[in-house]
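K.L.:
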Amino acid sequence: MTIGVLTSGGDAPGMNGAIRAVVRAGLSQGWRVIGIERGFAGLLNEDFREMSSRSVSEIIQRGGTILYTARSEELMTLGGQAKAAAVCREHGLDALVVIGGDGSFKGACALADLGIPVIGIPGTIDLDIACTDYTIGFDTAANTAMEAIDRIRETSSSHERCSIVEVMGRSAGYIALYCGVATGAEDILMPESFDGDEEAIIHSVMNGRKSGKKHHLIINAEGVGHSEALAKKIEAATGIESRATILGYLQRGGSPSVRDRIMATRMGVKAVELIAAGSLNRVVAFKNDDIVDFEIHEALAMKKNISDSWLSMLPMLKR
Ligand code: F6P
-16 MTIGVLTSGG DAPGMNGAIR AVVRAGLSQG WRVIGIERGF AGLLNEDFRE MSSRSVSEII
44 QRGGTILYTA RSEELMTLGG QAKAAAVCRE HGLDALVVIG GDGSFKGACA LADLGIPVIG
104 IPGTIDLDIA CTDYTIGFDT AANTAMEAID RIRETSSSHE RCSIVEVMGR SAGYIALYCG
164 VATGAEDILM PESFDGDEEA IIHSVMNGRK SGKKHHLIIN AEGVGHSEAL AKKIEAATGI
224 ESRATILGYL QRGGSPSVRD RIMATRMGVK AVELIAAGSL NRVVAFKNDD IVDFEIHEAL
284 AMKKNISDSW LSMLPMLKR
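Counting from 1, position 261 in the sequence shown corresponds to residue 244 in my numbering; the numbering is continuous, with no gaps.
See the structure below:
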């Protein structure tokens, strides 16, 4: 047996732990494990390296991905998909493990349809894969953002300012939600729930000041965006000095938390167990405190929403 492993899409802390688990568990089965560099772009380019137990030493504690990552435009085309499937066949890959987010799973799904057995491991800081309650990288990214926001909050209080902090999440507000609650933010703007009503935010800032608050913290998801413009609007309407900070890529780096190392390890081992059992074209998931798996087409068809219990809690914390 020969299996390939790649990381694809935005990197996430813990991806290295998942690579390590796939390599070591695969080698334990007596298989060859091929590391494919730069995601699907590297697959198309045959950027392959033979993995040994030592090639994944000293990586569980490191952020990023030792296999590098990329977003491949070519794999979105039918021609690119056919070429990728042919490369897998030429190299004798019996299965391909794809560590990444929804976009990467779409690529994996296309290969599955062309007869290449695949397994997906959810790795993205965004926590936005519907079939799983956890995605590798979220905990570290949210903690990194939380620490940065705590610091911004201190200077914001000293200056009695309004602060808007923009966190990552192009189409998902989970980092904003968790960080907003964990830092005691007055307002949390998420693509899933924000209706674009900026007047309501301005009122919220004014009400906070009237009730004696010294500063006002707004956590804004990247998918809502326009943080600078919102800061200017709030300042013009309220007279309260307002500043925007975009945290950006610092959220994607850093040594993975214990949760990310453990999840990555358990999910990586599960991927190998699935292949060994002949259970292919599956996505590994975390549900009800257990590592489970779903058929890849079914997993991709699932939808994820921020639950009402989260949304109904937020106004109570704002007083
Ligand atoms: O998918 C993770 C993520 O960090 C998103 O939150 C963000 O919108 C996107 O990646 C940024 O991607 P890129 O690295 O291509 O700028």
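Backbone N, C-alpha and C define an ideal beta-carbon position, used for all residues, glycine too.
Contact between the region 128 to 145 and the region 282 to 302 is defined here as three or more beta-carbon pairs at a separation below 8 angstroms; is this criterion met?
P.N.:
Result no; under three Cβ-Cβ pairs closer than 8 angstroms.
K.L.:
Please confirm if the region 121 to 134 is in contact with the region 82 to 94, defined as three or more CB-CB distances below 8 angstroms between the two stretches.
P.N.:
Cβ pair count under 8 angstroms is below three, so no.
K.L.:
May I ask you to report which of helix, strand or coil DSSP gives ARG298?
P.N.:
First, the amino acid is wrong: residue 298 is Pro here, not Arg. Helix at PRO298.
K.L.:
Report yes if the C-beta of ARG153 is less than 6 angstroms from at least one heavy atom of the ligand F6P; otherwise report no.
P.N.:
Checking the Cβ of ARG153 against the ligand F6P gives yes.
K.L.:
Determine whether the beta carbon atoms of ALA247 and GLY(-3) lie at a separation below 7 angstroms.
P.N.:
Cβ atoms of ALA247 and GLY(-3): closer than 7 angstroms.
K.L.:
Tell me the DSSP bridge mates of VAL39?
P.N.:
BP columns for VAL39 are empty, so no partner.
K.L.:
Out of GLY163, HIS209, LEU230, GLY(-13), point me to the one whose CA is closest to HIS199's CA.
P.N.:
Closest option to HIS199, Cα to Cα, is GLY163.
K.L.:
Do LYS270 and ASP109 have their CB atoms nearer than 7 angstroms?
P.N.:
No, the Cβ-Cβ distance between LYS270 and ASP109 is not below 7 angstroms.
K.L.:
With distances taken Cα to Cα, identify the nearest neighbour of PHE311 among VAL101, HIS186, SER40.
P.N.:
The structure shown does not extend to residue 311, since the chain is modelled only from -16 to 302, so the question has no answer here.
K.L.:
I'd like to check one pair, ILE202 with ALA155: are the Cβ atoms closer than 7 angstroms?
P.N.:
No, the pair does not count as a contact, with Cβ atoms beyond the cut-off.
K.L.:
Would you say the beta carbon of ASP109 comes nearer than 6 angstroms to a heavy atom of the ligand F6P?
P.N.:
The answer is yes for ASP109.
K.L.:
Just to confirm my understanding: we take ALA1, look at its own chain, exclude 5 residues before and 5 after, and list those with CB closer than 7 angstroms. What are they?
P.N.:
Excluding sequence neighbours, ALA1 sits near ILE82, ILE104, GLY106, ILE119, ALA247, MET250, GLY251.
K.L.:
Cβ of GLY25 versus every heavy atom of the ligand F6P: is any distance shorter than 6 angstroms?
P.N.:
Outside the cutoff, so no.
K.L.:
Using the three-state DSSP reduction, which class does GLU338 fall into: helix, strand or coil?
P.N.:
Here the chain covers residues -16 to 302 and nothing more, so residue 338 does not appear.
K.L.:
Under 6 angstroms: does the beta carbon of GLU205 sit that close to some heavy atom of the ligand F6P?
P.N.:
Because some heavy atom of the ligand F6P lies under 6 angstroms away, the Cβ of GLU205 counts as near it: yes.
K.L.:
Could you check which residue in LEU10, THR228, TRP14 has the C-alpha nearest to that of ARG37?
P.N.:
Selected option, being the one with the closest Cα: LEU10.
K.L.:
Leaving out the 5 sequence neighbours to the left and right, which residues in its chain are closer than 8 angstroms to THR221 when beta-carbon positions are compared?
P.N.:
Within the same chain, THR221 has close Cβ partners CYS145, ILE185, VAL188, MET189, ARG192.
K.L.:
Under 6 angstroms from any heavy atom of the ligand F6P, does the C-beta of GLY(-7) make it?
P.N.:
Because some heavy atom of the ligand F6P lies under 6 angstroms away, the Cβ of GLY(-7) counts as near it: yes.
K.L.:
Between the alpha carbons of ARG7 and SER225, how many angstroms are there, rounded?
P.N.:
Roughly 51 angstroms between the two C-alpha positions.
K.L.:
What are the boundary residues of the beta strand (DSSP E) that includes GLU278?
P.N.:
Per DSSP, GLU278 belongs to the beta strand (DSSP E) from 273 to 278.
K.L.:
Out of curiosity, what's the CA-to-CA distance linking GLU218 and ARG3?
P.N.:
So the two alpha carbons sit approximately 49 angstroms from each other.
K.L.:
Straight-line CA distance for GLY62 to ILE99?
P.N.:
Each residue's Cα considered, the two are about 15 angstroms apart.
K.L.:
Determine, using beta carbons only, whether SER55 and GLY(-8) come nearer to each other than 7 angstroms.
P.N.:
No, these two residues do not count as a Cβ contact at 7 angstroms.
K.L.:
Taking 7 angstroms as the cut-off, decide whether the C-beta atoms of GLY46 and GLY237 are in contact.
P.N.:
Yes; because the gap between Cβ atoms is below 7 angstroms, this pair is in contact.
K.L.:
Cα separation between MET173 and THR123?
P.N.:
Distance between the alpha carbons of MET173 and THR123 is about 20 angstroms.
K.L.:
Do the CB positions of GLU211 and MET151 come within less than 7 angstroms of each other?
P.N.:
Not a contact, by the Cβ cut-off of 7 angstroms.
K.L.:
Would you kindly check if the distance between the Cβ of ILE274 and the Cβ of LYS253 is under 7 angstroms?
P.N.:
Closer than 7 angstroms, so yes.
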